[in-house]
Amino acid sequence: MTLTKFEDLRAGGRALADALVGYRTDRDALVLGIVRGGVYAALEVARSLDLSLDLVFGRALLQDPLGGLLRATRVAGTLVLDERCDALPGESPERAFLDEALAALATREAGCRGTRSPGRIAERTVVVVDNGMRTGTTMAAALRAVRWLNPGRVIAAVPIAAESAIAHVARLADDVHCLATPAALGNVAMAYRRFDVPSDDQVRDLLDRA
11 MTLTKFEDLR
21 AGGRALADAL
31 VGYRTDRDAL
41 VLGIVRGGVY
51 AALEVARSLD
61 LSLDLVFGRA
71 LLQDPLGGLL
81 RATRVAGTLV
91 LDERCDALPG
101 ESPERAFLDE
111 ALAALATREA
121 GCRGTRSPGR
131 IAERTVVVVD
141 NGMRTGTTMA
151 AALRAVRWLN
161 PGRVIAAVPI
171 AAESAIAHVA
181 RLADDVHCLA
191 TPAALGNVAM
201 AYRRFDVPSD
211 DQVRDLLDRA
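What follows is the structure, given as structure tokens:
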């Protein structure tokens, strides 16, 4: 099977917007772009559907001794922390690293957001957009964080994904939209002829113009 190739991240977003046109009638829907790779695609979706745009920031923190990574996610200005982090001893090196990582994540969001206020999540249809999914781990963390904020519906949307990734996130979303599911998907960047992700300063400018 030939791998679908998008010209760039914006082109992937425009193609994705065509598949999401049904949400144009939901005037209170919110598009969330996963920073940084998903921002260009999310911007094109928000513009095409005439919807509001906001951001999701995620960070892998520490390896859990019981397996898996502890993650932190900031969604529309709200921190959602893996509850397993509560078990970290207060004076441990792991807790110190966690505190520094969370401060850096908050600083990054502030830099990308600028003076733009966070969007409201509660009771809205929320469309979470990324440039693609190889494992689905990043999207899954974003969806879990959105769920904490009591949305009306949660939609995952990507131009390309591995079938296993779609199965992973389908348990967390009310619907999943994906344009292409190649049999073997390695690096998501291979699906794009140009894979230029925005800098933090560019993310802020994009959000201001959204």
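The end of the sequence shown is residue 220 by my numbering, with every number in the run present.
No residue lacks a Cβ here, since even glycine has one placed at the ideal position from N, Cα and C.
The criterion of a C-beta distance shorter than 7 Å is satisfied by G43 and L65. V137 is positioned such that its CB atom lies closer than 7 Å to that of V41. Measuring C-alpha to C-alpha distances from Y33 to each of P169, V164 and S209 identifies V164 as the nearest. According to the DSSP assignment, T148 belongs to the alpha helix (DSSP H) that extends over T147 to W158.
The DSSP-derived three-state label of D211 is helix. Each of I170, D184 and P161 was checked against the Cα of A194, and the nearest Cα belongs to I170. M143 is bridged by DSSP to A171. A residue is called buried once 16 or more other Cβ atoms fall within 10 Å of its Cβ, and R203, having fewer, is exposed. Residue pairing by DSSP places F16 opposite Y202 in a beta bridge.
For G124, no alpha helix (DSSP H) segment is defined, and its DSSP state is neither H nor E. Bridge partners of H178 according to DSSP: none are assigned.
Around the beta carbon of E133, fewer than 16 other beta carbons sit within 10 angstroms, so the residue counts as exposed. The way I'd put it, the segment 99 to 116 doesn't touch the segment 171 to 190; fewer than three beta-carbon pairs between them come closer than 8 Å.
Ranked by Cα distance from D92, the first of Q212, N197 and W158 is W158. Selection E101, P192, P208 and V45 evaluated against A201 yields P192 as nearest (Cα-Cα).
By the Cβ-count criterion, R219 is exposed, with fewer than 16 other Cβ atoms from all chains shown falling within 10 Å of its own Cβ.
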